[in-house]
Each structure stands twice: as structure tokens, then as C-alpha cells.
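Here is the structure we will look at, set down as C-alpha cells.
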Amino acid sequence: MDEDTCWNREIETMERGDLDALVDERVRYTVRYANEHSPFYRKWFAAHRIDPASVTCHEDLLELPVIGGGTIREHQPPITDEFGFCSVDKKEVFTIHETSGTSGVPKAFFLTRDDWLRYAEKYSRAFTMEGISPGDRMVICASYGMNVGANTMTLAAHSMGVTVIPTGKCTFPVRVIRSYRPTAIVGSVFKLLRLARRLSEEG
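Take the sequence shown: its position 174, counting from 1, is numbered 174 in the UniProt record's numbering, and each next residue is one higher.
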């Protein structure tokens with residue numbers, strides 16, 4: 001892999017065996033953490049007679065029962081008074097977010113500052129791999145509301161030395177393109193396709 005396309009070269013160029021070992025280590029940590037800190041998962045492991053210590057690698061995850069969106073909604077308001085999936089102390093919560101809610105009541109999730117940094121790392125890797133670099137001007141076509149994507153994309157871009165044009169949704173006027181000359185536009189495929197059609201129609 002070309003060095004210019006790496007944000008975290010140590011991780012991104014790992015040998016396959018070393019990468020699998022790292023993933024397995026983090027799987028064990030995550031399962032142990034969930035059992036120790038989440039009331040929901042502690043009951044869930046017990047109800048399914050699963051010993052968290054028996055989950056030792058990522059392949060073991062395939063054997064676990066699937067938790068659907070309906071289960072998540074059953075363990076948060078308005079069904080219950082508490083958010084059963086929150087697994088950190090309230091004072092550690094950095095931000096609160098929700099899913100889009102297209103299939104029902106939005107599902108809530110709580111992020112610590114470390115979670116934010118991991119999100120930013122993910123996007124920094126993706127942006128760097130796509131050739132985005134310091135000095136670029138990036139339009140972010142994602143909502144800045146309860147959705148976490150736009151906010152963490154912005155953090156990633158800033159950490160890379162990229163100028164952000166925070167338009168939010170892809171309904172921004174064509175003059176934004178003409179005036180600020182962005183060198184990159186990020187967003188979901190469907191939003192970008194609609195944007196491309198609109199820009200073509202409006203010249």
C-alpha cells in the first residue's frame with residue numbers, strides 16, 4: 001500500500017495474521033466489557049447461557065444470537081425509563097445520538113470522547129485512502145443533527161488539515177460549488193447521485 005494513501009500506516013499495513021490477532025483481542029475485550037458494564041448484556045448472556053469467556057475470536061461472533069432493532073427499542077424510552085444499552089457512567093458520556101428513525105422510533109446511542117476519536121480515525125483513514133489531503137476543501141453532505149456521521153467527518157477532516165464546508169444536507173445551492181470550489185464532496189451514494197442530477201439540471 002502506498003504510504004500516501006495511509007493515515008495510520010502501522011495498522012493499515014499489518015500482516016493478515018497480526019491483524020486477525022488484534023481483532024480477536026478487541027473482540028475478547030468488547031465482550032468482557034459488555035458483560036461487566038451493561039445490565040442488558042449481562043442478562044442477555046445469562047438468558048442465552050453464554051459464557052463471555054467462551055467468545056475468543058471474531059469467528060465466534062457468528063454463533064451468537066442476533067440482536068435486532070426491535071430489541072434495542074424495547075430497552076429505551078418510551079418503553080422503559082432507562083437506556084438499557086448504555087454501558088458507561090453518565091459522566092463519561094460525551095454526546096448522545098440517534099439513528100435516522102426510518103424504520104421506527106430512532107435508536108439512541110451514547111458516545112464517550114474516546115469513541116469520537118475512533119470515529120474520526122475511521123474517517124481519516126477513508127479520506128486519506130481516497131486521496132484527500134491537507135489543503136483540500138470538503139463539502140460534507142450529511143445532517144449535523146442527532147446523526148453522528150457529519151460531526152465525526154468534520155473532526156476527521158480538521159485533524160487532516162482539510163477545510164470543511166458544512167452544508168449538511170445535499171440541498172445546498174449550486175452557488176456553493178461555484179463560489180468555494182470544493183475539491184471533495186462526501187456523503188451517501190444516494191444523496192450524491194441526487195446531487196449530481198440536480199447540479200446537471202441547474203447547469
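Note that the Cβ used here is the ideal one computed from N, Cα and C, for glycine as well.
Go to residue i, then tell me how far its alpha helix (DSSP H) extends in each direction, as first and last residue.
{"i": "residue 56", "result": "No alpha helix (DSSP H) contains residue 56, which DSSP labels as neither H nor E."}
{"i": "residue 172", "result": "Looking at the DSSP string, residue 172 is not in any alpha helix (DSSP H), and its letter there is neither H nor E."}
{"i": "residue 14", "result": "Here residue 14 belongs to no alpha helix (DSSP H), and DSSP marks it neither H nor E."}
I'd like the list of long-range same chain contacts for residue i, defined as Cβ closer than 7 Å, with 5 residues on each side in sequence excluded.
{"i": "residue 1", "result": "Residue placement at residue 1 cannot be trusted, given a pLDDT of 48 that sits under 50; what the coordinates show is reported in the next sentence. Excluding residues within five positions, the ones whose Cβ falls inside 7 Å are 12, 13."}
{"i": "residue 151", "result": "144"}
{"i": "residue 166", "result": "140, 144, 154"}
Looking at the secondary structure, which residues open and close the beta strand (DSSP E) in which residue i lies?
{"i": "residue 167", "result": "163-168"}
Alpha carbon to alpha carbon, what distance is there between residue j and residue i?
{"i": "residue 204", "j": "residue 62", "result": "Residue 204 lies beyond the range of the chain shown here (1 to 203); nothing can be said about it."}
{"i": "residue 10", "j": "residue 159", "result": "18 Å"}
{"i": "residue 54", "j": "residue 90", "result": "30 Å"}
{"i": "residue 127", "j": "residue 133", "result": "8 Å"}
{"i": "residue 51", "j": "residue 146", "result": "35 Å"}
Which one or two residues does DSSP pair with residue i in a beta bridge?
{"i": "residue 109", "result": "97"}
{"i": "residue 141", "result": "168, 187"}
Below 7 Å, is the gap between the Cβ of residue i and the nearest heavy atom of the ligand SAH?
{"i": "residue 125", "result": "The ligand SAH is not part of the structure shown, which contains no ligands of any sort."}
Excluding sequence positions up to five away, which residues of its chain have a Cβ less than 8 Å from the Cβ of residue i?
{"i": "residue 88", "result": "37, 110, 112"}
### Query
How about the region 67-76 and the region 113-126: do they share at least three Cβ pairs that are nearer than 8 Å?
no
### Query
For the 8 Å Cβ check, are there 3 or more pairs between the region 135-142 and the region 96-103?
No, the region 135-142 does not touch the region 96-103.
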